[in-house]
Amino acid sequence: MEMSYDEAIKQLREWRNASMRKSTEIVEIGEYLLKKSSMSLFNDEVWLIFEQVYVAALDISRFDLADFCMKKLKGNFPDSVRIIKLEAMQLEACGEYDEALKIYNELIERDPTNAGVRKRKVALLKSKGDNTGAIKELCSYLHDFMVDHEAWYELSELYIKEMDYAKAAFCFEELILCNTFNHLYHQRYAEIRYTMGGQENIEIARKHFSQAVKLSSNTNMRALNGLLYTSYTMTSAKSSSKSGNSRSHATWAAKMILKKYEDADVKCMTVRRKETPEFLASATLMLKHLGTESNP
Amino acid sequence: MSEPELLLDSNIRTWVVLPIVFITFVFGIIRHYLSLLMASENSITLDSLRDGQALMRSRYLRENGKYIPRQAFLARKEFLLRKEGVITQGKEKVAPPRNPMTDPSMMTDMLKGNLLNVLPMIIIGGWIQWAFSGFVTTKVPFPLTIRFKPMLQRGIELEALDVSWVSSASWYFLNVFGLRSMYSLILGENNAADQTKMMQDQMSGAAMAMQNDPQKAFKAEWEALQITKHQDSMKYIEDIVVAMHALPEDKFTTEKIPSIQASP
Numbered sequence: 667m668e669m670s671y672d673e674a675i676k677q678l679r680e681w682r683n684a685s686m687r688k689s690t691e692i693v694e695i696g697e698y699l700l701k702k703s704s705m706s707l708f709n710d711e712v713w714l715i716f717e718q719v720y721v722a723a724l725d726i727s728r729f730d731l732a733d734f735c736m737k738k739l740k741g742n743f744p745d746s747v748r749i750i751k752l753e754a755m756q757l758e759a760c761g762e763y764d765e766a767l768k769i770y771n772e773l774i775e776r777d778p779t780n781a782g783v784r785k786r787k788v789a790l791l792k793s794k795g796d797n798t799g800a801i802k803e804l805c806s807y808l809h810d811f812m813v814d815h816e817a818w819y820e821l822s823e824l825y826i827k828e829m830d831y832a833k834a835a836f837c838f839e840e841l842i843l844c845n846t847f848n849h850l851y852h853q854r855y856a857e858i859r860y861t862m863g864g865q866e867n868i869e870i871a872r873k874h875f876s877q878a879v880k881l882s883s884n885t886n887m888r889a890l891n892g893l894l895y896t897s898y899t900m901t902s903a904k905s906s907s908k909s910g911n912s913r914s915h916a917t918w919a920a921k922m923i924l925k926k927y928e929d930a931d932v933k934c935m936t937v938r939r940k941e942t943p944e945f946l947a948s949a950t951l952m953l954k955h956l957g958t959e960s961n962p
Numbered sequence: 501m502s503e504p505e506l507l508l509d510s511n512i513r514t515w516v517v518l519p520i521v522f523i524t525f526v527f528g529i530i531r532h533y534l535s536l537l538m539a540s541e542n543s544i545t546l547d548s549l550r551d552g553q554a555l556m557r558s559r560y561l562r563e564n565g566k567y568i569p570r571q572a573f574l575a576r577k578e579f580l581l582r583k584e585g586v587i588t589q590g591k592e593k594v595a596p597p598r599n600p601m602t603d604p605s606m607m608t609d610m611l612k613g614n615l616l617n618v619l620p621m622i623i624i625g626g627w628i629q630w631a632f633s634g635f636v637t638t639k640v641p642f643p644l645t646i647r648f649k650p651m652l653q654r655g656i657e658l659e660a661l662d663v664s665w666v667s668s669a670s671w672y673f674l675n676v677f678g679l680r681s682m683y684s685l686i687l688g689e690n691n692a693a694d695q696t697k698m699m700q701d702q703m704s705g706a707a708m709a710m711q712n713d714p715q716k717a718f719k720a721e722w723e724a725l726q727i728t729k730h731q732d733s734m735k736y737i738e739d740i741v742v743a744m745h746a747l748p749e750d751k752f753t754t755e756k757i758p759s760i761q762a763s764p
């Protein structure tokens, strides 16, 4: 292992703060640190490192290392809710979902304000494949913790899996309310609306696609494409003013996409030639169609 | 007029200045660990948590409502403000008056705060004044006015003495404030030996007021949300985007415009 102690600790701390799931690397570094060095070196941070390595070990089924970490943690914090939660995670990792569920229910009863345990229960139900149960649990969680945007995002993902797009759109509206300037939220919300279909939804989708383009300063390609498709669909709208506007927007979007791919092509020669022409083909086709329509 | 500098006995330095620093520092550390031991569990109830989150959600809706479709905004507004809605419920809820005298938990918190911070300062200050009185301890490097004389030169009754020469009690108080950065070096940020933060807390009673009266906060939020209307911020957004990022071929033309072309 080439890293020094300080570097290793710093790296683990970075990953911990960013909640990155680099389980293999964490286990590699963690095993080296924990088994070979004396603990007094990092005083209180060592418990956080133990927890981090424990979860990473469970992730890659290194149960021996997980047991080692758990023994140390339990030795120092004999009566802790956090430790019990970690133990239940081990049961989850072994596939004993019912046992783990029992423990989580107990913990929730003991302290309903513990957000971590409630979210853990949702994750368990999700990994069991019980989407409806997970949705129900997550809804009751959100009833109490209304402003948890990660939870809203997770709920929207679950709804999309169940193909309940209206409710997924609702969740994304919550997300947009919390972080208005995140162009990715606007883009995904627009995609959900576009999937739902229908004149009104496509109009809403178009607005949010353009908002996403605006917020990302014209770099969000998905939003650009979305704008193209929605405007193109609306060129056949009943009212003439809307279709006229849509035509100009669609033309602009198509030209912008082609231009961006031209620029990108010049920059990176490794663009896979097989895929882009198809993608561009739709834009070029639409452009041609729009051009011929406007000049009868 | 520059007075001849007083030459202080070096014993003063060894037996007064340094011990006072040492005492202040050690008592600060003791205070920090004692406060850790006596820290009360401020457990938050599910209800108060839900209330706080509901208020935040309502605030977000008010501020950013214009970025979601009108129907969505109205639906949420209705949900929050209807009879069984969270905000109305919070408004109706009659909070028990948090009278400091009767509420036991607040009483103990206040007592602990006082005991831990103010009392030692008074006791040690008084002891130092009694033990190390009658002589000049140190000189502050900047000149002061006469008004500070009784405050800083408590045990010394000399009229002609420059106010910059101070007694031990003032050296103690100087230490109390000065060692704050030392504490953060040794004990990490947010330590309990830092008294100035406690004094700041006393001045900003706003935080206390919020906890004491969630009902008022709910009422304010209810009224604010009631009058919020939905503004369609994205009416012309596509045109804005197309205009903002217009392609060169749409902006400029290569045609010759006959009217502008200069006649030779």
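Chains A and B are the protein sequences, given in the same order.
Numbering-wise (this note's numbering), the first sequence opens with residue 667 and increments by one.
Numbering-wise (this note's numbering), the second sequence opens with residue 501 and increments by one.
Even glycine gets a Cβ: it sits at the ideal position worked out from N, Cα and C.
Verify the contact flag: residue i, CB atom, against every heavy atom of the ligand COA, threshold strictly below 6 Å.
| i | result |
| --- | --- |
| Q726(B) | Among the components of this structure there are no ligands whatsoever, and the ligand COA is therefore not found. |
Compute the distance between the beta-carbons of residue i and residue j, then report whether it is under 7 Å.
| i | j | result |
| --- | --- | --- |
| L843(A) | N564(B) | yes |
| Y825(A) | K794(A) | no |
| K719(B) | K591(B) | yes |
| I726(A) | T779(A) | no |
| A878(A) | H915(A) | no |
| R913(A) | T901(A) | yes |
| L699(A) | F716(A) | no |
| T846(A) | Y736(B) | no |
| A856(A) | F875(A) | yes |
| M538(B) | K612(B) | yes |
| H815(A) | L841(A) | yes |
| S766(A) | A781(A) | It should be noted that the sequence gives Ala, not Ser, for residue 766(A). Contact flag unset, no. |
| S664(B) | V640(B) | yes |
| L652(B) | S670(B) | yes |
| V693(A) | A722(A) | yes |
| W819(A) | M862(A) | Correcting the residue type first, residue 819(A) is Tyr in the shown sequence and not Trp. No; because the gap between Cβ atoms is not below 7 Å, this pair is not in contact. |
| Q553(B) | F811(A) | yes |
Going by DSSP, what residue range makes up the alpha helix (DSSP H) through residue i?
| i | result |
| --- | --- |
| N564(B) | 546-564 |
| H745(B) | Per DSSP, H745(B) belongs to no alpha helix (DSSP H) and is neither H nor E. |
| S876(A) | 865-881 |
| W630(B) | 619-631 |
| E723(B) | 714-726 |
| P650(B) | 649-652 |
| M538(B) | 518-538 |
| F847(A) | Premise fails: F847(A) is in no alpha helix (DSSP H) and is neither H nor E. |
| Q677(A) | 671-683 |
| R509(B) | Note on identity: in this sequence residue 509(B) is Asp, with Arg being the wrong assignment. Segment: none, D509(B) is in no alpha helix (DSSP H) and carries neither H nor E. |
| V636(B) | Careful: V636(B) lies outside any alpha helix (DSSP H) and carries neither H nor E. |
| F579(B) | 570-581 |
| H809(A) | 797-810 |
| Y819(A) | 815-827 |
| N891(A) | 887-900 |
| G590(B) | 586-592 |
Could you name the residues of the same chain whose beta carbon sits closer than 6 Å to that of residue i, not counting the 5 residues immediately before and after it, in chain order?
| i | result |
| --- | --- |
| T753(B) | none |
| M935(A) | Reliability fails at M935(A), whose pLDDT of 44 lies under 50, so the model's placement of it is uncertain and the value that follows must be treated cautiously. Closer than 6 Å at the Cβ level, and outside the excluded window around M935(A), lies no residue. |
| G696(A) | V719 |
| A759(A) | L724 |
| A834(A) | S822, Y825, I826, I858 |
| R687(A) | none |
| I870(A) | R859 |
| A889(A) | Q853, F875, A878, V879 |
For residue i, which residues in the same chain have their Cβ closer than 7 Å to its Cβ, ignoring the five residues on either side in sequence?
| i | result |
| --- | --- |
| S685(A) | none |
| L924(A) | L946, A949, T950 |
| A709(B) | Its pLDDT being 43, under 50, A709(B) is placed unreliably in this model, and the coordinates cannot settle the point. |
| T524(B) | Y672, N675, V676, L679 |
| S897(A) | R872, S912, H915, A916, A919 |
| V618(B) | none |
| F838(A) | S822, Y851, R854, Y855, I858 |
Closer than 8 Å by C-beta to residue i: which residues in its own chain qualify, once you throw out the five before and the five after it? Chain order, please.
| i | result |
| --- | --- |
| G705(B) | At G705(B), the pLDDT of 42 sits below 50, so the modelled position is not reliable and the matter cannot be decided from this model. |
| E803(A) | R784, K787, V788, L791 |
| L581(B) | I587, T588, W722, L725, Q726 |
| K921(A) | L953 |
### Task
Report yes or no: do the region 636-643 of chain B and the region 655-664 of chain B share at least 3 C-beta pairs separated by less than 8 Å?
yes
### Query
In chain order, which continuous runs of the alpha helix (DSSP H) of length 4 or greater are located wholly inside the region 701-773 of chain A?
711-725, 729-742, 747-760
### Message
For the region 545-556 of chain B against the region 664-681 of chain B, do three or more pairs of beta-carbon atoms, one drawn from each stretch, fall closer than 8 Å, so that the two count as touching?
### Response
no
### Message
Quick check for students: name the residue ranges of the alpha helix (DSSP H) that lie wholly in the region 654-684 of chain B, counting only runs of 4 or more.
### Response
668-678
### Query
Are the region 764-774 of chain A and the region 727-738 of chain A in contact at 8 Å, needing three or more beta carbon pairs?
no
### Task
Count the C-beta pairs between the region 622-634 of chain B and the region 514-529 of chain B that are closer than 8 Å, then say yes if the count reaches three, no if not.
yes
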